[in-house]
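S.K.: Okay, handing you the structure first.
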Amino acid sequence: MAPKRKRASPATSYQVFLNFRGPDTRQGLTDVLYHALVDAGIRVFRDNEEIRKGEYIGDEILRAIEDSRIFVPIFSRTYASSKWCLIELAKMVESKEKSSGSKRILPIFYDVSVNDVKLKTELYTEALSIHREKFSPNTVQQWEKALREAGKIKGWELKDKGHAEFAKEFVRKVSVELKVKKKYVTGSLVERIDEQDALISLLDLKSSHDVRLVWIHGMGGIGKTTLAKAVFNRLCDHFDGCCFLLDVRETTKRKGIEHLQRQLLQDLGVKSADITDENDGIWMISKKLQSRKVLVVLDDVYDLEQIGKLAGEVGWFGEGSRIIITSRNKKAPVFEGGRVEILEAEPMKFEESLLLFSRHAFGKENPPEDFCDLSEEVVRITGGLPLALEIVGSQLRTSYEHRDRVHWNHLIGTLQKIPAKKVQDRLKISYDALDWEAKKIFLDIACFFINEEKTKAIYMWQSCGFEPYLAVKELVDASLIKLADEKFSMHDQLRDLGRKIVHDERSKNPGRPCSRIWMQEDALKVLKEEEGKKYVEMLSLPYNEHSEDCALTKQELKSFKNLRFLSLYGSNFSGDLEHVLPKLIWLSWHGFPHIFQGTNLYLKNLVVLELSGSLISETWKGWCQIGMCKELKVLDLRSCHRLTKTPDLSVCTKLERLILRDCMNLVEIDHSVGTLKCLKYLNASGCPYLRDIPEEICSLDGVEEIVMVAKGNFQDILKLPDSIGRLSRLKHLSVSLGRGTPPNSLGYLKSLAKLDLSWSKMAELPKSIGGLVKLEYLSLHFCRGITELPDSIRYLKSLAVLDISMSGITRLPSTVEYLQELKVINMRGSVIQSIPRSIRKLKKLEKLDIQYCYRLRNIPSEIEGLPSLLTVSCSAPEIDSVASLVDKDEGWPTTEDGSDWQLIGNEMKWEHMISNRKSARQSRMRKQKYLDDLMAMASELRVENGRLAEFLGVIVHLYDAMEVENMVLRARAAEFSDRLRVLNDDDYIGGLSDVY
1 MAPKRKRASP
11 ATSYQVFLNF
21 RGPDTRQGLT
31 DVLYHALVDA
41 GIRVFRDNEE
51 IRKGEYIGDE
61 ILRAIEDSRI
71 FVPIFSRTYA
81 SSKWCLIELA
91 KMVESKEKSS
101 GSKRILPIFY
111 DVSVNDVKLK
121 TELYTEALSI
131 HREKFSPNTV
141 QQWEKALREA
151 GKIKGWELKD
161 KGHAEFAKEF
171 VRKVSVELKV
181 KKKYVTGSLV
191 ERIDEQDALI
201 SLLDLKSSHD
211 VRLVWIHGMG
221 GIGKTTLAKA
231 VFNRLCDHFD
241 GCCFLLDVRE
251 TTKRKGIEHL
261 QRQLLQDLGV
271 KSADITDEND
281 GIWMISKKLQ
291 SRKVLVVLDD
301 VYDLEQIGKL
311 AGEVGWFGEG
321 SRIIITSRNK
331 KAPVFEGGRV
341 EILEAEPMKF
351 EESLLLFSRH
361 AFGKENPPED
371 FCDLSEEVVR
381 ITGGLPLALE
391 IVGSQLRTSY
401 EHRDRVHWNH
411 LIGTLQKIPA
421 KKVQDRLKIS
431 YDALDWEAKK
441 IFLDIACFFI
451 NEEKTKAIYM
461 WQSCGFEPYL
471 AVKELVDASL
481 IKLADEKFSM
491 HDQLRDLGRK
501 IVHDERSKNP
511 GRPCSRIWMQ
521 EDALKVLKEE
531 EGKKYVEMLS
541 LPYNEHSEDC
551 ALTKQELKSF
561 KNLRFLSLYG
571 SNFSGDLEHV
581 LPKLIWLSWH
591 GFPHIFQGTN
601 LYLKNLVVLE
611 LSGSLISETW
621 KGWCQIGMCK
631 ELKVLDLRSC
641 HRLTKTPDLS
651 VCTKLERLIL
661 RDCMNLVEID
671 HSVGTLKCLK
681 YLNASGCPYL
691 RDIPEEICSL
701 DGVEEIVMVA
711 KGNFQDILKL
721 PDSIGRLSRL
731 KHLSVSLGRG
741 TPPNSLGYLK
751 SLAKLDLSWS
761 KMAELPKSIG
771 GLVKLEYLSL
781 HFCRGITELP
791 DSIRYLKSLA
801 VLDISMSGIT
811 RLPSTVEYLQ
821 ELKVINMRGS
831 VIQSIPRSIR
841 KLKKLEKLDI
851 QYCYRLRNIP
861 SEIEGLPSLL
871 TVSCSAPEID
881 SVASLVDKDE
891 GWPTTEDGSD
901 WQLIGNEMKW
911 EHMISNRKSA
921 RQSRMRKQKY
931 LDDLMAMASE
941 LRVENGRLAE
951 FLGVIVHLYD
961 AMEVENMVLR
971 ARAAEFSDRL
981 RVLNDDDYIG
991 GLSDVY
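The numbering of the sequence shown is the UniProt record's numbering, which starts it at 1 and goes up by one.
Now the structure itself:
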């Protein structure tokens, strides 16, 4: 059955408004900039001033200008000759002036100078003289004023910058201005719209001249954080900047209030590197945010002093700012000069509770009839606490699957015996039901690994003899932890439960330290004491202002006989360390100095070594000790910016994961990598000077994943070795390749499931690509050099996702019909011109994304025969023949936003398709494309010259360094020559003879 047609959705709310002269930049800079912004998730309005009629600006344009927070006028040579450009510019300047600083104009001077825009030259003044013959003096004066105002604003002059290079820089700037990260909420969430609306009402966004604080209080687990996240996601687009500081209480304990101050400022687009203590942070927050309308959420605040250091007074923030604080404390703070509203978080209503419980216990919206009575009893006992409903429901799910009512009754009886206020005791029932390994792993996560990737922890647990995959699954199924983006997360009530269990170890064994120590004061105390260290399994010494002066000696470490995890920030080792830490499995050592002060530190059982963000180089003295462990399986060197070459790793024969991500000066991977027969994973993304994958890696049959993505650095000469096809177990390859064709051996990778060639500059794919019989995902995102896909893709029988977005591909081959497993085709922003009729044979196709495909002029009518699950994401006004799909009453696909093809077609006919100008416009576009192609070539040549100049600068620098070294060597050689002459002097030898 075909999908039903839906009503058109409300107009989009835009963030950025592009104002430009079409014939000058539409197919060049504007197109690149538009797609770069859209690809970064920014909502952009791009108008077509060439097709408008009349003298007045339309409602759609006015609405887009009012909605947008950033205006981007692109000044070009004929800009001022367009009345529409000038009308829009005047409206933009007016909107900015009325916004009280919440809106910004970011001008781009494309091929003109600032003086041209300030009307100090004839370029724009002549165009305005012509306008004076047609428009009133007041109108032209407004345009002149708008141009002069825009000219005063510091903007960007393109000069020799390439379009892609500039777009990357510009998107980064806009992203900072708009920086908002929406918060993750669980998919099983029961949306409590009434509660959200109550909070939004207290925030009262219409009252734009005051600064308001809303205090949300309630017991733990009642849903305060979830409520704050939901409202934050709904409202974040209404502010100049937004920040959500999660878990303030815990973060302050572990990392200090300065960490939160830095995060607050960074999220709001303010550089915070100068914060050295909390007073610096208070001063910067109070001074840097005064003119900005911001939304700030402080989650789980325990101490009112924390608020005074993060959001102490009204005067710290601009008019219209809103502060949301969640706390278990009922007493609200004093917010000097501002209004404080209080909202008590209420338990869920019975119907909401039953719905949430059913989703976890049964996997559906309502309980089955034979378990309805028991389900209602559980809901009554848990008192509408979302966390308790989730945990208990997950625990009972297995019993339901076995129709075990006895276990249900037993658990209900246990819950009834525990007072309602003792939430943790009720949660502990689920913890007690875990097996021994799952309990250990739960406590490890609660104390150390919240918001951390799971991979390294899995290695540690395996080395302890655990079965971590089974234990983690047990914890996830029990809703005691969650996995999002392969990172652990946990509700703060469950975290507190885990840490309380660890703390209670001391009451059972007085005088003995806890098995896991994560607080700084506890860590410093146990380091000084001699007794009880053998009971400590995991220890973290967080960063503080004295970390750089802290040096761990043998005296402090020798008694840690069972320590398996050690995390240090900025500290160092000192002196002879022979035989210390015999069972250490994971050493996480961040930001330490480049001089290694210890000796004889051989960690024979070390499996995970994490040295990220440190000052080490390939000559670091620590390599020959801790870096050369025979049991090492994970080496993480990310963001080690002094590293130019990896060390000799030939001793690390068991190494499985090598992480070099964002080592900005890394030039070479040492050839010893070829000896790492166990290597499975290599990540060298964001290393701009690393040019190729070492040939030696292709001899490593165990490699499963290689990631070397340019990350915006646009590497030109990164290439695959010809022997890449020898990697028979390679499953995931993500690389940004240079010009040329990848080697044919790429098609020999029989195990490859994911091939991501995003941002590559190659001209074509090898025909051998059809040999990738297990390939499920192929991405050619932003591969502008590729214009067509080889017919051999017909043999990719397993391909489910094809991403050619932003690429230079103009057509899909008809052989696409053979890709019977294909579910998603993403062509967004590409130059695709036609879709083959054979697409109708793709019976499993679920999504077709043709957004912003402005050269696409035909959607084959055969698309109607595709399954009803198909979602077409489309900017229909750009497609001439889309009307051929809207002649019937039913059976048409819907767009992704729910709008209907008939409505879009009518809008298209009414506003956009002026048939008597079509041929002239196409002619102009062809000429413009030819000109843009020439300009793009020139731009690329300029970029190439820039890179050559940069490379030459590096060579000169190295030459100068070598010359200095040579001078030293020459001086030493001269000194040795003088000594040799003295020794060979006859008089000198005779003198010695006289002496003896």
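Ideal placement from N, C-alpha and C gives every residue a C-beta, glycine not left out.
On the DSSP bridge list, what partners appear for asparagine 858?
M.R.: Taking the first residue of the sequence shown as 1, we reach residue 858 at position 858. In DSSP, asparagine 858 forms no bridge with anything.
S.K.: Looking at glutamine 290: is its Cβ nearer than 8 Å to the Cβ of threonine 252?
M.R.: The sequence position of residue 290 within the sequence shown is 290, counting from 1. The sequence position of residue 252 within the sequence shown is 252, counting from 1. The answer is no: Cβ separation not under 8 Å.
S.K.: Ordered along the chain, which non-local residues of its own chain (more than five positions away) have a Cβ less than 6 Å from that of histidine 732?
M.R.: Here residue 732 refers to the residue found at position 732 of the sequence shown. Taken in chain order, the residues that qualify are Glu705, Lys754.
S.K.: May I ask you to verify whether the stretch 450-468 touches the stretch 519-530, counting CB pairs closer than 8 Å and requiring at least 3?
M.R.: The stretch 450-468, when compared against the stretch 519-530, does not touch it at the 8 Å Cβ threshold.
S.K.: Excluding sequence positions up to five away, which residues of its chain have a Cβ less than 6 Å from the Cβ of leucine 123?
M.R.: What you label residue 123 is simply residue 123 of the sequence shown in a count that begins at 1. Closer than 6 Å at the Cβ level, and outside the excluded window around leucine 123, lie Asp116.
S.K.: Relative to the C-alpha of glycine 28, which residue among His163, Lys98, Ala80 is closest?
M.R.: Within the sequence shown, the letter at position 28 stands for residue 28. If we check each option's Cα against that of glycine 28, His163 comes out closest.
S.K.: Could you round the C-beta distance between leucine 737 and valine 703 to whole angstroms and report it? I think they count as a contact, below 8 Å.
M.R.: To locate residue 737, count along the sequence shown from 1; it is residue 737. To locate residue 703, count along the sequence shown from 1; it is residue 703. Incorrect: roughly 18 Å between the Cβ atoms, too far for contact.
S.K.: What would DSSP say about histidine 35, mapped onto helix, strand or coil?
M.R.: The sequence position of residue 35 within the sequence shown is 35, counting from 1. Helix at histidine 35.
S.K.: Looking at valine 379 and phenylalanine 350, is the spacing between their C-beta atoms short of 8 Å?
M.R.: The residue labelled residue 350 in the question sits at position 350 within the sequence shown. The residue labelled residue 379 in the question sits at position 379 within the sequence shown. A contact, by the Cβ cut-off of 8 Å.
S.K.: Going by C-alpha to C-alpha distance, which of Ser515, Lys440, Arg262 sits closest to valine 270?
M.R.: Taking the first residue of the sequence shown as 1, we reach residue 270 at position 270. Out of Ser515, Lys440, Arg262, Arg262 has the C-alpha closest to the C-alpha of valine 270.
S.K.: Looking only at DSSP bridge pairs, what is arginine 834 linked to?
M.R.: Here residue 834 refers to the residue found at position 834 when the sequence shown is read from its first residue. Note on residue identity: the sequence assigns serine, not arginine, to residue 834. Note: serine 834 sits in a beta bridge opposite Arg811.
S.K.: Taking the runs of the alpha helix (DSSP H) that are 4 residues or longer, which of them lie wholly in the stretch 254-321?
M.R.: Listed in chain order, they are 257-267, 278-288, 304-310.
S.K.: Can you tell me where the beta strand (DSSP E) with phenylalanine 362 in it begins and where it stops?
M.R.: Counting from 1 along the sequence shown, the entry for residue 362 is found at position 362. Careful: phenylalanine 362 lies outside any beta strand (DSSP E) and carries neither H nor E.
S.K.: In the structure shown, what three-state DSSP assignment does phenylalanine 449 receive?
M.R.: In the sequence shown, residue 449 corresponds to position 449, counting from 1. Helix, per DSSP.
S.K.: Would you kindly check if the distance between the Cβ of leucine 609 and the Cβ of valine 580 is under 8 Å?
M.R.: The residue given as residue 580 occupies position 580 in the sequence shown. The residue given as residue 609 occupies position 609 in the sequence shown. No, they are not a contact pair.
S.K.: When you compare only the Cα positions, how much space is there between cysteine 447 and tryptophan 518?
M.R.: Numbered from its first residue, the sequence shown carries residue 447 at position 447. Numbered from its first residue, the sequence shown carries residue 518 at position 518. Answer to the nearest angstrom: the Cα atoms are 7 Å apart.
S.K.: Along the chain, where does the alpha helix (DSSP H) that runs through leucine 527 open and close?
M.R.: By one-based count along the sequence shown, residue 527 stands at place 527. Unbroken alpha helix (DSSP H) run through leucine 527: 520-528.
S.K.: Under DSSP, the beta strand (DSSP E) around valine 476 begins and ends at which residues?
M.R.: Start at 1 with the first residue of the sequence shown, and residue 476 comes out as number 476. No beta strand (DSSP E) contains valine 476, which is instead part of the alpha helix (DSSP H) from 468-477.
S.K.: Suppose you measure from the CA of serine 540 to the CA of histidine 590; what does that come to, to the nearest Å?
M.R.: Taking the first residue of the sequence shown as 1, we reach residue 540 at position 540. Taking the first residue of the sequence shown as 1, we reach residue 590 at position 590. Their Cα atoms are separated by approximately 12 Å.
S.K.: In three-state terms, what does DSSP make of glutamate 97?
M.R.: Locating residue 97 in the sequence shown gives position 97, counting from the first residue. In this structure, glutamate 97 counts as helix in the three-state DSSP scheme.
S.K.: Is leucine 649 closer than 8 Å to valine 673 when the C-beta atoms are compared?
M.R.: Residue numbering aside, residue 673 sits at position 673 when the sequence shown is read from its first letter. Residue numbering aside, residue 649 sits at position 649 when the sequence shown is read from its first letter. Their beta carbons are under 8 Å apart, which means valine 673 touches leucine 649 by this criterion.
S.K.: Going by beta carbon distance, what residues of the same chain come within less than 6 Å of residue 1009, once the five residues before and after it are set aside?
M.R.: Examination of residue 1009 is not possible in this model, given that the chain is present from 1 through 996 alone.
S.K.: Identify the residues that DSSP records as bridge partners of leucine 18: which are they?
M.R.: Taking the first residue of the sequence shown as 1, we reach residue 18 at position 18. Note: leucine 18 sits in a beta bridge opposite Arg46, Val72.
S.K.: Can you check which of these residues, Ala198, Leu246, Leu203, is closest to glutamate 346 by C-alpha distance?
M.R.: Position 346 of the sequence shown, counted from the first residue, corresponds to residue 346. Looking at the Cα atoms, Ala198 is the closest of the given residues.
S.K.: So, is proline 333 buried or exposed, given that buried needs 16 or more other C-beta atoms within 10 angstroms?
M.R.: To locate residue 333, count along the sequence shown from 1; it is residue 333. The residue in question, proline 333, is buried, as its Cβ has 16 or more Cβ neighbours within 10 Å.
S.K.: Any chance you could list the beta strand (DSSP E) runs of at least 3 consecutive residues sitting entirely within the stretch 581-659, in chain order?
M.R.: Counting only runs of 3 or more, we get 586-590, 597-599, 608-610, 634-636, 657-659.
S.K.: Taking proline 721 as the reference, which of Ser728, Arg729, Val709, Leu746 has the closest Cα?
M.R.: Reading the sequence shown from its first residue, position 721 is the one you call residue 721. Proline 721 has its Cα closest to that of Leu746, out of Ser728, Arg729, Val709, Leu746.
S.K.: For the pair the stretch 687-696 and the stretch 656-673, tell me if three or more CB-CB distances fall below 8 Å.
M.R.: Contact between the stretch 687-696 and the stretch 656-673 is present, because at least three Cβ pairs lie under 8 Å.
S.K.: Give every residue of the same chain whose Cβ lies closer than 6 Å to the Cβ of phenylalanine 20, excluding the five residues on either side of it in the sequence, and list them in chain order.
M.R.: To locate residue 20, count along the sequence shown from 1; it is residue 20. These residues qualify, in order along the chain: Thr30, Ile74.
S.K.: Express the C-alpha separation of aspartate 803 and glutamate 846 in angstroms, rounding to a whole number.
M.R.: Here residue 846 refers to the residue found at position 846 when the sequence shown is read from its first residue. Here residue 803 refers to the residue found at position 803 when the sequence shown is read from its first residue. In a straight line, the C-alpha of glutamate 846 is about 14 Å away from that of aspartate 803.
S.K.: Identify, in the order they occur along the chain, each residue of the same chain with its Cβ nearer than 6 Å to the Cβ of tyrosine 302, setting aside the five sequence neighbours on each side.
M.R.: Within the sequence shown, residue 302 is the residue found at index 302, counting from 1. Cβ neighbours of tyrosine 302 beyond the five flanking positions: Arg249.
S.K.: Smallest Cα separation from proline 23: which of Lys118, Arg77, Arg43?
M.R.: The residue given as residue 23 occupies position 23 in the sequence shown. Nearest C-alpha to proline 23: Arg77.
S.K.: Which residue from Asp425, Ala433, Tyr535 puts its Cα closest to that of aspartate 496?
M.R.: Taking the sequence shown and counting its residues from 1, the one referred to as residue 496 is at position 496. Nearest option by C-alpha distance: Asp425.
S.K.: Could you give the DSSP three-state label for arginine 234: helix, strand or coil?
M.R.: One-based indexing of the sequence shown puts residue 234 at position 234. Arginine 234 falls in the helix class under three-state DSSP.
S.K.: Is it true that the CB of aspartate 299 sits closer than 8 Å to the CB of threonine 226?
M.R.: Translated into positions along the sequence shown, residue 226 becomes position 226. Translated into positions along the sequence shown, residue 299 becomes position 299. No.
S.K.: Can you give the Cα-Cα distance for proline 368 and aspartate 240, rounded to whole angstroms?
M.R.: Position 368 of the sequence shown holds residue 368. Position 240 of the sequence shown holds residue 240. Computed Cα separation, rounded: 48 Å.
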